[in-house]
Amino acid sequence: MTGNIAILGYGLSAIGPGIGVGLVFAAYINGVARQPEARGMLQPIAFLGFALAEALAIFGLALAFVFRK
Amino acid sequence: MSIVALAADGSSFETPGVADFWQPLIGDGAWAVTRASIVALLSVAIISWALLAGTKKLAVVPSKKQAATEALYGLVREGLGRDVIGSKEFLRFMPLIFTLFTMVLLNNLFSVIPVIYFPTMSRVAFPAVLAIVVFFVYHYIGMQKHGVIGYFKSLVPSGLPIALVPYIFVLELITDVFTRPVTLALRLFGNMFAGHLLLVLFVSGGQYMIAHGAIGIKIAGGGSILMGFVMTLFEILVQVLQAYIFALLAAIYIAGALADEH
């Protein structure tokens, strides 16, 4: 079996952000379910949280390709 | 895996990789005109034409084109400008934020638009340039508003114990100078690159399996191509979302630099 262990690093780096993104949207859904009129206010916050959590996985992806050689 | 088994008949499957995104059309090296740069120029032409055509004959009762243009602008202006930056100062940043949003949106959508099929932002230089523009804008307006010394002072929240101030200052400085622009560029790049790679893998892998495999593998190849269609729909969602997030983060960084305290 051939391949590069850096790709495994990407798999590992995706676990945390995966959980994080799930938590962010769970909180968003909870918020909107409890108070539907707050949707407009919560939406940018939810997407901001999503973007910040996702950044770590993106780092992992970029580094997986950087250290491929 | 099946790919290894398929390779037995001589021709082997080449997994798509980073190299597939480097497509020079004219010349070579650092100054080559690549497919990405042609697509970027095309996006500028299309956006300019659409916006000029949409705002040419402005009327109180808008034409269809004008209504569509205004709806798009209104969406960005209300959702990203007024809500994030605040009603006092958002107007002078609207050209930048609306440009970022439309530019990123169209370039992302090019990934699934037939004939073009290339997301410009999957070459890291393009999102990097956009992030550098945002980087200079938010530092410049922050220094303009608070003064250079005041701007660096405003990085640290007031009321901290004096012993903590240097640590927090260094931490905030790293966030502002390094983490923010780098994540802004890499987030867009990573999403577009990974998304397009996934589509290429599904379609080219499926095509190879159908062309070279036994009957069971041919069926699996058909499933792979079908999955490519499903992922295309998902990618469209991601592309619109990433354009929104890029413009949102630019607006948030600008709002942060303008705020009295971070």
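Protein chains in written order, with the working numbering: chain A, 1 to 69; chain B, 70 to 331.
Positions of the beta carbon are idealized from the N, C-alpha and C atoms, including for glycine.
Query raised in the report: When the Cα of alanine 46/A is compared with those of Tyr28/A, Ala33/A, Gln35/A, which residue comes out closest?
Result: Working through the first sequence from its first residue, we reach residue 46/A at position 46. Among Tyr28/A, Ala33/A, Gln35/A, the Cα nearest to that of alanine 46/A belongs to Tyr28/A.
Query raised in the report: Would you say isoleucine 314/B faces chain A, with C-beta separation under 7 Å as the test?
Result: Within the second sequence, numbered from 1, the residue matching residue 314/B stands at position 245. With 7 Å as the cut-off, isoleucine 314/B counts as an interface residue toward chain A.
**Report entry** Extent of the continuous alpha helix (DSSP H) run through leucine 174/B
**Finding:** For the purposes of this step, residue 174/B is taken as the residue at position 105 of the second sequence. Looking at the DSSP string, the run of the alpha helix (DSSP H) that includes leucine 174/B is 163-178.
Query raised in the report: With DSSP run on the structure shown, which of helix, strand or coil describes threonine 189/B?
Result: For the purposes of this step, residue 189/B is taken as residue 120 along the second sequence, with counting starting at 1. Of the three classes helix, strand and coil, the one that applies to threonine 189/B here is helix, per DSSP.
Requested in this report: Name the one or two DSSP bridge partners that isoleucine 95/B has.
Outcome: Translated into the one-based positions of the second sequence, residue 95/B becomes position 26. Answer by DSSP bridge pairing, in chain order: Val102/B.
**Report entry** Proximity winner among Thr189/B, Gly325/B, Val269/B, relative to lysine 214/B (alpha-carbon distances)
**Finding:** By 1-based counting over the second sequence, the position of residue 214/B is 145. For the residues Thr189/B, Gly325/B, Val269/B, the minimum Cα distance to lysine 214/B belongs to Gly325/B.
Query raised in the report: At a Cβ threshold of 7 Å, is arginine 256/B touching chain A?
Result: Locating residue 256/B in the second sequence gives position 187, where the first residue counts as 1. Chain A has a Cβ within less than 7 Å of the Cβ of arginine 256/B.
Query - valine 272/B: first and last residue of the uninterrupted alpha helix (DSSP H) it sits in - result: Residue mapping note: residue 272/B aligns to position 203 of the second sequence, counting from 1. Segment 249-281, the alpha helix (DSSP H) holding valine 272/B.
Query raised in the report: Using a Cβ-Cβ distance under 7 Å, would valine 87/B count as near chain A?
Result: Along the second sequence, read from residue 1 onward, the residue named residue 87/B stands at position 18. Closer than 7 Å: yes.
Query raised in the report: Among Ser223/B, Val184/B, Pro250/B, which has the Cα closest to the Cα of isoleucine 198/B?
Result: For this step, residue 198/B is matched to residue 129 along the second sequence. According to the sequence shown, residue 198/B is valine rather than isoleucine. When each option's Cα is compared against that of valine 198/B, the closest is Pro250/B.
Query raised in the report: Are the Cβ atoms of isoleucine 294/B and glycine 275/B separated by less than 7 Å?
Result: The sequence position of residue 294/B within the second sequence is 225, counting from 1. The sequence position of residue 275/B within the second sequence is 206, counting from 1. The answer is yes: Cβ separation under 7 Å.
**Report entry** Endpoints, the alpha helix (DSSP H) within which glycine 219/B is located
**Finding:** Mapped onto the second sequence, residue 219/B falls at position 150. Looking at the DSSP string, the run of the alpha helix (DSSP H) that includes glycine 219/B is 217-222.
**Report entry** Proximity to phenylalanine 167/B [Cα-Cα], best of Leu327/B, Leu317/B, Tyr322/B, Gln92/B
**Finding:** Here residue 167/B is taken as the residue at index 98 of the second sequence, counted from 1. Of Leu327/B, Leu317/B, Tyr322/B, Gln92/B, the residue nearest in Cα terms is Leu317/B.
Query - Alpha-carbon spacing of arginine 192/B relative to isoleucine 185/B, whole angstroms - result: Along the second sequence, read from residue 1 onward, the residue named residue 192/B stands at position 123. Along the second sequence, read from residue 1 onward, the residue named residue 185/B stands at position 116. If I take the Cα positions, the gap works out to 15 Å.
Query raised in the report: Rounded to a whole number of angstroms, what is the C-alpha to C-alpha distance between arginine 68/A and glycine 216/B?
Result: Indexing the first sequence from 1 puts residue 68/A at position 68. Indexing the second sequence from 1 puts residue 216/B at position 147. Their Cα atoms are separated by approximately 45 Å.
Query raised in the report: When you compare each of Leu127/B, Ala328/B, Ile314/B to leucine 169/B by their alpha carbons, which one comes out closest?
Result: As a working mapping, residue 169/B is identified with position 100 in the second sequence. With distances taken between Cα atoms, leucine 169/B lies closest to Ile314/B.
Query - Residues within the segment 130-162 of chain B neighbouring chain A, beta-carbon criterion of under 7 Å - result: Sequence-ordered contacts of the segment 130-162 of chain B with chain A read Asp152, Val153 [C-beta pairs closer than 7 Å].
Query raised in the report: Exposed or buried, what is arginine 161/B when buried is set at 16 or more other beta-carbons lying within 10 Å of its beta-carbon?
Result: In the second sequence, the residue the question calls residue 161/B occupies position 92. By the Cβ neighbour-count rule, arginine 161/B is exposed, with fewer than 16 other Cβ atoms within 10 Å of its own.
Query raised in the report: Should tyrosine 322/B be flagged as near chain A, meaning a C-beta pair shorter than 7 Å?
Result: Here residue 322/B is taken as the residue at index 253 of the second sequence, counted from 1. False, the Cβ-Cβ gap to chain A never drops below 7 Å.
Query raised in the report: Just the Cα atoms here: how many angstroms apart are isoleucine 182/B and histidine 281/B?
Result: Translated into the one-based positions of the second sequence, residue 182/B becomes position 113. Translated into the one-based positions of the second sequence, residue 281/B becomes position 212. Whole-angstrom Cα-Cα distance: 28 Å.
Query raised in the report: Where leucine 8/A and glutamate 83/B are concerned, what is the direct C-alpha to C-alpha distance, given to the nearest angstrom?
Result: Here the question's residue 8/A lines up with position 8 in the first sequence. Here the question's residue 83/B lines up with position 14 in the second sequence. Answer to the nearest angstrom: the Cα atoms are 20 Å apart.
**Report entry** Endpoints, the alpha helix (DSSP H) within which arginine 34/A is located
**Finding:** Here residue 34/A is taken as the residue at index 34 of the first sequence, counted from 1. Counting along the chain, the alpha helix (DSSP H) containing arginine 34/A begins and ends at 5-34.
Query raised in the report: Would you call the CB atoms of proline 131/B and valine 269/B closer than 7 Å?
Result: On the second sequence, position 62 is the one that residue 131/B refers to. On the second sequence, position 200 is the one that residue 269/B refers to. No, these two residues do not count as a Cβ contact at 7 Å.
**Report entry** Contact between the segment 224-240 of chain B and the segment 148-156 of chain B (3+ Cβ pairs under 8 Å)
**Finding:** no
Query - Pair within 7 Å by beta-carbon distance, alanine 312/B and threonine 189/B - result: Residue numbering aside, residue 312/B sits at position 243 when the second sequence is read from its first letter. Residue numbering aside, residue 189/B sits at position 120 when the second sequence is read from its first letter. Contact: no.
Query - valine 309/B versus Asn176/B, Ile116/B, Val113/B, residue with shortest Cα-Cα distance - result: Start at 1 with the first residue of the second sequence, and residue 309/B comes out as number 240. Looking at the Cα atoms, Asn176/B is the closest of the given residues.
**Report entry** Residue nearest to isoleucine 305/B in terms of C-alpha spacing, selected from Trp118/B, Ala319/B, Leu327/B, Asn260/B
**Finding:** Working through the second sequence from its first residue, we reach residue 305/B at position 236. Minimum Cα distance to isoleucine 305/B is reached at Asn260/B.
Query raised in the report: Taking C-beta to C-beta, are alanine 64/A and alanine 6/A nearer than 7 Å?
Result: Sequence index remark: in the first sequence, residue 64/A carries index 64 (1-based). Sequence index remark: in the first sequence, residue 6/A carries index 6 (1-based). For alanine 64/A and alanine 6/A, yes; Cβs fall inside 7 Å.
Requested in this report: Run down chain B in chain order and give the residues with a C-beta less than 9 Å from the C-beta of leucine 42/A.
Outcome: Numbered from its first residue, the first sequence carries residue 42/A at position 42. Near leucine 42/A there are no residues of chain B at all, since even the closest Cβ is about 12 Å away, more than 9 Å.
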